[in-house]
Amino acid sequence: MLLEAAFKVVMAFSGPAVIAGDLNTTLDTLPAWDLLQNSGWIDAAQWSAQALRHPLQPTCRDATRHSFILVNPKAAQALRVADVVSDFYFDSHPLLLGCFDLEVFKAPRWKCLLPKAFDKVLLDSNMLESSAANVSSRLTDVVSDCILSNNLAKGFQCWAQECESVFMSSAVWSDGQPRKLPPGYRGRCHKFKPVQQPCSVPLFPKARDGDFDAALTQGNIFLRRLLRQVHRLQSLCRLTKRILVQALPPNHGCVRSAAQLWEACKAAKGFPGSFCQWLLFDKGVFMPMACPPLPLCEEIYTVVRDFFESQQRQYILTKAAETREELILDWKRGAGGKAFAQLRSFDQPPLSHVVQEIPLSCRRVRWPKSGRTKIPLQSLPDIRVGDVLEYHGQEFLVQRVHAGAVSVFPRLSPREWPPRILLKKTLVDPAEADVEIRHTWGQWFHRDASTSLDDWDDAISFIEGTLRPFEPMPYTHFDVRKWTHLLKGVSTKSARGSCGFTVKELKLIPASMLPALFELFHALEEGASWPESLVFAMVICLPKIEGSCTALQIRPITILSRLYRCWARYRSTEIAEWMSSKLPPTLAGGVKGMSVTDINAMMALYLETSFSQGLSRLGGVFDIIKCFNALPRAPLLWLMLYLGINPCYVEAYENMLSSFTRTFLLQGVAGVAECSETGFPEGCSLSVIVMTCVAYLAHEVLSTDGTCPFVFADNWSFASKTFDDCKAAFDILCRLCDAFKLRLAPEKSWVWATTPDLRKRLQNVSYGGVRIPLMCTFGQALVQVSKSEFKSWRAAAAKALGFNRPGLFEKLHQLPETVWRFGLVPLVADTWPLLVRLRAAPLCFQHPTACNALHIFVDGSCYWPNRKLSSVAASAAVIANMSCKGEGVVHSSVLPGCEQTNDRAEVYAIVLALQLSKQCTIYSDCKYAVDAAQERIDHLHKGSRPPLMKHMDLWEVFDLLVADREEGAVVFVKVKAHLDLTSALPPFLDMCRHYNNLADSAAKHAVRNAELFSFSQLLVMNAKQEEMINVVKQYHAFLIQCARFEFAKSADARATPRFEISVLDVSSACFSHQALVEDDALRHCPYSQAFARALLAWANELQWACNHTHADTSMTELLVNFIFSTGLRPPVNINKFRAKK
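Now the structure itself:
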């Protein structure tokens, strides 16, 4: 309870916060730690171990870590080290010491501040429409005047201000009463610029012992000023009382101090007019010009103190009301996202630091073979004791810094000269990290700063010599219906940019206000400059790897303004529809509606067709280094015009790129904003069109009679018929990259071939001096290994497969039935007549008519899932009452169709739940079903086609049931399955356990009481089948004993070499397993003609695989198979051999 209270306090605190202490448990057992970690909190000791490369020491009896220092992102900026010290102040508990640089907190930080969003405010739809109708005509006139005066920045500001006024005038509470919103909700489309803010929101001043103190720690500026006035008046009362009691003269210091303090009280800020006017007109208290007497002073103090307490209570109630309104809106949407936050799995924590790599140059000295601990350096950068040097992936700790050298541990032995040693420094300060990130990424952003279109002759010649322009694209005006349709496909969780608008706000804007916005967009497409508020972008830095990462190991996510992204989405959709019919089928990515899976499937089909025809193929797959950020703007914008894309769209896009600036955000702190001359922002829809144009150029350049290209965005691949065709394709691909100043990534690329001769010729293919990996076939690595490496790999594989465990051969009965080639496990009965009605049952569904929000728990159950011929499954959906543990309303059904599996039953249970109401929260314990359903809903809301999945017949019904529902109407929650009933859980999780168990029991009950089949007959049949399997297991045990006996014999050097059947080409037409024996010859069999016929029939039915997997089938296996198949005993006198033995 104490820890939960601490978590609530620090989450509400705005500023550096630290939680330190012995928690008596590990962090992974605390549910609130996931929430804190997702907000940027870090474990100081773990962070220090990763950043400073020291071991993570235990803090509890040398076994585990129970003492922690947890810091929020603002406090993490000042963290320098956190490690266990050798002092033991507590019995068997080491001391965890954290060191912070408090000077960091004094410096103000640059923050990107946006106005408050209306997403969490309840808006009355009728008031919204009426308010918009009143301002629409006036708004159109104002915007037209701004366009005529070429002041689009003012035009967007006026439009945004009217939208804000409409929203604020229609804001209501949940009971329908009007709600007055503070000015913090205004400010959209204003000139966006980061502002300096202190590290923490100011705290309420701490009072003296015994004086009045506030109940809150932080508050708004009005409460801070009011509390300061309360403290002044309390001090004035104390001074006045002392003057009165001691009868001090007028020239005494206390009298002068009281007069000065009274003047400060009269000049206090934060009151309407002045403090004297507020006290007289609002509270009816007379204010003398001179210092008041003690009774009047105490009266004024009491009035101001009571007023502060009432305002403090009102502040707390307002915050609670806002939180309550958020929860009410959350439940009205049917989502319950805030209530179920504890059940979610969070993404990777945000970036807290950046590692800087500084190359060091060594002086040439004599270097012993055993290595050196003292490394001579030509120059010493800012190296400190405790820094880390890296050489070939090995890390060395700096123990001492000398003049021109450093001492490291362990010894360093260079493999080449000069050795490439890197100094790795951890940059925690956001300002230092911003400098490193901008310096690293600047090699792409500013590469083409001094170039123009005249400097790209080679690129232009590639375009003109390869492509033919399409028919010009016509210009279309904006349409309100199409705009609304495109907004439906945008997720409301998408981040807003510098304009301040959210997706939900744009969806709520009435249609009568959209024509003014469209007029502004038309002006931009006619050549007007973009306002600064629409072309300023914030870049979120996400780590690509866990732990410490360099500037190149982060993924910069560019967040452009929401209005610009909507314009780009509208126009890019038009361009994509116009280009889709003009591009080849083997080009995918953004326009053709094909994914990378589709293009890989096409290439696999091409190769399989070649294999079936006996043709050899070779080719390569190539990746471009930082493709989006390395693409040159001038030639590619010219390429868009050359292909026929409307010039108005291209010109508006070019103007945006020329004025586009961005700033990196690290730990919420904004860096220096910079423009760029190279590359296209990855978060822009038109950048996808640019990439499609580049991919189309690469596709046409590689297309020849002997080469077939397969292109997806920046991943370019091709397949060639001959080595010369492949070499020519690779050469022209390199020339194309050189013409556009692009570079291939050899470590992410590969070449492949289908025959050994072609693979030998591809072994030395390289790019930029780096060898490109060779694959055996498409996507299959070809590695040359030594004999010792092969033995170690074989040993590792044997260990993974469990060959070192006893009883392995006894587990052979778990293999599928198809590997038992001789029918040793026959079916005891045919299950088809029993399940024919179930397998022929149609998949029926109906759309729901109810609209009330329901909480539905679903589950599926399958009996005998490992036996496909006799497995049966059912699904259940239970409507739960979340206020109590009731029986719920159960809807269950057996699973129709031939395929009866657990996953399919889970999906069918979701289909059952969707037929109960249009708004529902569905709880399932199947992660596959929840993830797949959420993925399909996201695609449907975005207007894209959901991917192909298993059980597509059920997912197609799912798509039909959710296609016409609003976003947020259906929410999926993953719950834990089959929790122990005796364990204590929080109330909500206990409720989930209760209803999930009800759904599981209902599904099992549906199977056992099904009308389409007899469960009791299936139960008897599967019991007999299990008995048959046990018999086969005994037979396998007999074979194992025979094999072990044979392997235990000593080898006989004089034994005749065994005939290897694997040397025969059994696939040849001249080799047949048919026994061609004439019928007359059977009469001469000494064991009767009946036995000969049975032997001949059995031999003709033997199946020999062409891959020689049965080349070592033993005579014992053949003998037992002969007995089972023919029902005859072989005429061999076994007793004779026993007598001889």
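Those letters in the sequence shown? Residues 1 to 1141, by the UniProt record's numbering.
From the three backbone atoms N, C-alpha and C, an ideal C-beta is built for every residue, glycine too.
Query	Result
Within 10 Å of its beta-carbon, does residue 50 have 16 or more other beta-carbons around it, so buried, or fewer, so exposed?	buried
What are the boundary residues of the beta strand (DSSP E) that residue 15 is part of?	Residue 15 -> no beta strand (DSSP E), and no H or E assigned at all.
Can you pull the DSSP bridge partners for residue 674?	662
Could you have a look at residue 6 and say whether DSSP puts it in helix, strand or coil?	helix
The alpha helix (DSSP H) with residue 935 in it runs from where to where?	927-942
Is it buried or exposed, residue 366, if we count other Cβ atoms within 10 angstroms and call 16 or more buried?	exposed
Please specify which runs of the alpha helix (DSSP H), each continuous and at least 4 residues long, are wholly inside the stretch 688-763, giving them in chain order.	723-739 and 756-761
Would you kindly work out how many angstroms separate the C-alpha atoms of residue 476 and residue 514, rounded to a whole number?	16 angstroms
For residue 487 and residue 507, which I take to be in contact (beta-carbon distance under 8 angstroms), what is that distance rounded to the nearest angstrom?	5 angstroms
Work out the CA separation of residue 420 and residue 392 for me, nearest whole Å.	8 angstroms
Please go through the same chain and pick out, in chain order, the residues whose beta-carbon is closer than 6 angstroms to the beta-carbon of residue 270, but skip the five residues on each side of it.	222 and 225
Within 10 Å of its beta-carbon, does residue 456 have 16 or more other beta-carbons around it, so buried, or fewer, so exposed?	buried
By Cβ distance, which residues of its chain are closer than 6 angstroms to residue 838, with the 5 residues on each side in sequence left out?	1012 and 1013
Per DSSP, what kind of secondary structure is residue 507 in: helix, strand or coil?	helix
So for residue 1087, helix, strand or coil by DSSP?	coil
Run through DSSP, which three-state label would residue 814 get?	Note that residue 814 scores 38 on pLDDT, short of 50, meaning its location in the model is unreliable and no value can be drawn from it.
Would you identify the three-state DSSP class for residue 475, choosing helix, strand or coil?	coil
Pick helix, strand or coil for residue 125, following the three-state DSSP scheme.	helix
Residue 874 by DSSP, collapsed to three states: which one?	strand
Consult DSSP for residue 969 and reduce its assignment to one of helix, strand or coil.	coil
Residue 620 bridges to which residues according to DSSP?	718 and 751
Does the separation of the CB atoms of residue 398 and residue 424 fall below 8 angstroms?	no
Taking 8 angstroms as the limit between beta carbons, can you name the residues of its chain near residue 958, skipping five residues before and five after?	907, 910, 911, 914, 933 and 936
Please return the same chain residues whose Cβ sits closer than 7 angstroms to the Cβ of residue 992, not counting the five positions on each side in sequence.	923 and 975
So the candidates are 556, 870 and 987; which of them puts its Cα closest to the Cα of residue 885?	987
So the candidates are 646, 492 and 608; which of them puts its Cα closest to the Cα of residue 469?	646
Less than 7 angstroms between C-beta atoms, sequence neighbours within five positions excluded: which residues of the same chain meet that for residue 101?	78 and 80
Measuring only the C-alpha atoms, how far is residue 446 from residue 678?	6 angstroms
Leaving out the 5 sequence neighbours to the left and right, which residues in its chain are closer than 7 angstroms to residue 59 when beta-carbon positions are compared?	65, 66, 67, 84, 93, 94 and 96
Is it buried or exposed, residue 720, if we count other Cβ atoms within 10 angstroms and call 16 or more buried?	buried
Judging by CA-CA distance, which residue of 120, 236 and 945 is the nearest neighbour of residue 255?	236
Ends of the beta strand (DSSP E) at residue 537?	536-543
In the structure shown, what three-state DSSP assignment does residue 913 receive?	helix
Under the DSSP definition of a beta bridge, which residues are partnered with residue 921?	855 and 971
For residue 125, which residues in the same chain have their Cβ closer than 6 angstroms to its Cβ, ignoring the five residues on either side in sequence?	none
Between the Cα of residue 905 and those of 881, 948 and 859, spot the shortest distance and give me the residue it belongs to.	859
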